[in-house]
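J.: I'd like to ask some things about the structure below.
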């Protein structure tokens, strides 16, 4: 893997410590967010190499925050959840690149992360976004307050 890699894990209760350890053991700097708002801020401010989102979030469900994350970052997004065909389809249609049903084997998890990063690094230039402290005209921005960011299309 090349360069400094960061993984943003958005997980309300830190329920996936083995996956964070697997990422750290593979050389990733792991950034954690414990709620949706913090996850959005960190996605904007940290420019993670990959985003891992738990489906089970208290304020805005992980799957419901996918369209917003997709608009904020070109990084691959992995969604973790309990599975079920409709949940998987919903996550994939709303911005997830991969849906993994829990419990996830850390070895399979890392294999999928590596595959996503290979594909993304070859195909996509990274977008530049304004920092949370200011928009293009110097005004403060709040991506959670902008309803246009929630549109998937």
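Numbering (our numbering), first residue to last: 6 to 158.
Where a beta carbon is used, it is the ideal one built from N, C-alpha and C, also for glycine.
Taking the alpha-carbon positions, what's the residue 10 to residue 91 distance?
T.: Taking the first residue of the chain shown as 1, we reach residue 10 at position 5. Taking the first residue of the chain shown as 1, we reach residue 91 at position 86. Spanning the two alpha carbons is a distance of roughly 32 Å.
J.: What does a CB cutoff of less than 8 Å around residue 36 pick up in its chain, not counting 5 residues either side in sequence?
T.: If you number the chain shown from 1, residue 36 lands on position 31. Counting only Cβ-Cβ distances below 8 Å, and skipping sequence neighbours, we find 11, 12, 13, 14, 47, 51 and 53.
J.: If you count every other CB in all the chains shown that lies within 10 Å of the CB of residue 99, and 16 or more means buried, which is it?
T.: Your numbering for residue 99 matches position 94 in the chain shown. By the neighbour-count definition (other C-beta atoms within 10 Å, threshold 16), residue 99 is a buried residue.
J.: Under 6 Å Cβ to Cβ from residue 38, same chain only, skipping five residues before and after it: list those, please.
T.: Start at 1 with the first residue of the chain shown, and residue 38 comes out as number 33. Counting only Cβ-Cβ distances below 6 Å, and skipping sequence neighbours, we find 15, 44 and 47.
J.: May I ask which residues mark the beginning and end of the beta strand (DSSP E) holding residue 86?
T.: Along the chain shown, read from residue 1 onward, the residue named residue 86 stands at position 81. Counting along the chain, the beta strand (DSSP E) containing residue 86 begins and ends at 82-86.
J.: State yes or no: is the C-beta of residue 24 within less than 8 Å of the C-beta of residue 81?
T.: As a working mapping, residue 24 is identified with position 19 in the chain shown. As a working mapping, residue 81 is identified with position 76 in the chain shown. No.
J.: Nearest by alpha-carbon distance to residue 124: which of 33, 73, 79 and 59 is it?
T.: Here residue 124 refers to the residue found at position 119 when the chain shown is read from its first residue. It is 79 whose Cα lies nearest to the Cα of residue 124.
J.: Out of 73, 77 and 60, which has the shortest C-alpha to C-alpha gap to residue 93?
T.: For the purposes of this step, residue 93 is taken as the residue at position 88 of the chain shown. Comparing Cα-Cα distances from residue 93 to each of 73, 77 and 60, the minimum goes to 60.
J.: Alpha carbons only, please: which of 107, 28, 109 and 101 is nearest the one belonging to residue 72?
T.: The count along the chain shown starts at 1 and reaches residue 72 at position 67. Taking only the C-alpha atoms, the option nearest residue 72 is 101.
J.: Note down the Cα distance separating residue 31 from residue 114, rounded to an integer number of angstroms.
T.: Residue 31 sits at position 26 when you count from the first residue of the chain shown. Residue 114 sits at position 109 when you count from the first residue of the chain shown. Rounded to whole angstroms, the gap between the alpha carbons of residue 31 and residue 114 is 12 Å.
J.: Ignoring anything shorter than 3 residues, give me the beta strand (DSSP E) runs that lie fully in the region 7-59, in order along the chain.
T.: 11-15, 34-38 and 55-59
J.: With respect to the beta strand (DSSP E) encompassing residue 103, which residues constitute its N-terminal and C-terminal limits?
T.: Against the chain shown, residue 103 aligns to sequence position 98. 103-106 is the span of the beta strand (DSSP E), which, as asked, contains residue 103.
J.: Using the beta-carbon count (16 or more within 10 Å), is residue 133 buried or exposed?
T.: Here residue 133 refers to the residue found at position 128 when the chain shown is read from its first residue. Residue placement at residue 133 is poorly supported in this model, since its pLDDT is 48, which falls under 50; the coordinates still yield a value, given next. Classification for residue 133: exposed.
J.: Can you tell me whether residue 109 is helix, strand or coil according to DSSP?
T.: For the purposes of this step, residue 109 is taken as the residue at position 104 of the chain shown. Correct three-state label for residue 109: coil.
J.: Report the residue from 57, 22 and 26 whose alpha carbon sits nearest the alpha carbon of residue 122.
T.: Mapped onto the chain shown, residue 122 falls at position 117. Looking at the Cα atoms, 57 is the closest of the given residues.
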